[in-house]
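Following: one structure in structure tokens, then a few remarks.
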Amino acid sequence: MHSICTTEDHSGVLRNAHTRNVAIAFADDIAHDLGLEMVRVLRGAEIRTLAKSKGTKDIPANDLRSFGAADLIIEARDGKDETCYVAVEVSFTANGRDTRRAIRNAGFMARLTGRRAYSVVTGLRKDDGIQKAIASGDVYWYQLSPEAFDID
Numbered sequence: 006m007h008s009i010c011t012t013e014d015h016s017g018v019l020r021n022a023h024t025r026n027v028a029i030a031f032a033d034d035i036a037h038d039l040g041l042e043m044v045r046v047l048r049g050a051e052i053r054t055l056a057k058s059k060g061t062k063d064i065p066a067n068d069l070r071s072f073g074a075a076d077l078i079i080e081a082r083d084g085k086d087e088t089c090y091v092a093v094e095v096s097f098t099a100n101g102r103d104t105r106r107a108i109r110n111a112g113f114m115a116r117l118t119g120r121r122a123y124s125v126v127t128g129l130r131k132d133d134g135i136q137k138a139i140a141s142g143d144v145y146w147y148q149l150s151p152e153a154f155d156i157d
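Numbers given in my numbering equal positions in the sequence shown, counted from 1, plus 5.
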């Protein structure tokens with residue numbers, strides 16, 4: 006059975022894919038805003054390998070699948086030259102779901118690597134509902150500029 010997708014569904018998928026590509030291009034800037042130096046962006050296979058490691062037996066399978074498909078994980082160095090990670094969730098309009106996943110993914114990275122991990126949500130806009138998590142420092146908001154979406 007095939008589901009019927011509307012033009013609006015397709016445009017949302019394309020908009021979010023483009024937003025993710027823009028965020029990846031700004032990974033260095035995201036790390037810099039946190040006072041970190043970006044080392045590299047982790048590949049999907051590396052994240053999925055972490056998700057399958059020994060320390061994940063108590064984590065629900067759906068959370069591990071979601072973590073394995075994280076939007077963006079940055080390996081970085083802090084001011085003490087220590088390795089740390091930045092778990093970034095990307096959405097055109099960041100919302101509570103994105104925020105919860107960023108916080109969860111940062112927690113998984115800290116747990117599985119033994120290193121500090123930061124949570125970030127990024128997009129062009131943010132839902133007002135995530136302001137409390139941003140204000141508390143639970144998650145960092147990195148706003149992508151409208152100009153970053155221009156296609157040359």
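Ideal placement from N, C-alpha and C gives every residue a C-beta, glycine not left out.
Can you list, in chain order, the residues of its chain with a C-beta nearer than 8 Å to that of residue i? Leave out the 5 residues immediately preceding and following it.
i: W146; result: A99, V125, V126, T127, K131, I135, I139
i: E87; result: R120, R121
Could you tell me how far apart the beta carbons of residue i and residue j are, in whole angstroms, since I believe they sit closer than 8 Å?
i: L52; j: A66; result: One detail in the question is off: residue 52 reads as Ile in this sequence, not Leu. Not a contact, Cβ separation roughly 15 Å.
i: T104; j: V144; result: 5 Å
i: A153; j: V27; result: 5 Å
i: T24; j: L129; result: 7 Å
When you compare the CB positions of residue i and residue j, do they come within less than 8 Å of one another, or not?
i: R70; j: C89; result: no
i: E80; j: L47; result: yes
i: A56; j: F31; result: no
Indicate whether at least one CB of chain D lies closer than 8 Å to the CB of residue i.
i: G40; result: The structure shown contains no chain D; it is built from a single protein chain.
Can you list, in chain order, the residues of its chain whose CB lies under 6 Å from that of residue i, leaving out five sequence neighbours each side?
i: L39; result: Y123
i: Q148; result: none
i: M114; result: Y90, A92, A122
Can you list, in chain order, the residues of its chain whose CB lies under 7 Å from that of residue i, leaving out five sequence neighbours each side?
i: V44; result: E80, A81, R82
i: E42; result: A36, A81, R82
i: G60; result: R116, L117
i: K137; result: none
i: L77; result: A28, I29, A32, V46, V93, V95
i: P151; result: L129
i: G84; result: G40
**Prompt:** So does the stretch 34-45 actually touch the stretch 107-116, counting three or more Cβ pairs closer than 8 Å?
**Reply:** no
**Prompt:** What residue ranges within the stretch 119-143 form continuous alpha helix (DSSP H) runs of no fewer than 4 residues, ordered along the chain?
**Reply:** 136-141
**Item:** Whole runs of the beta strand (DSSP E) within the stretch 44-101, excluding any shorter than 3 residues
**Value:** 77-82, 88-95
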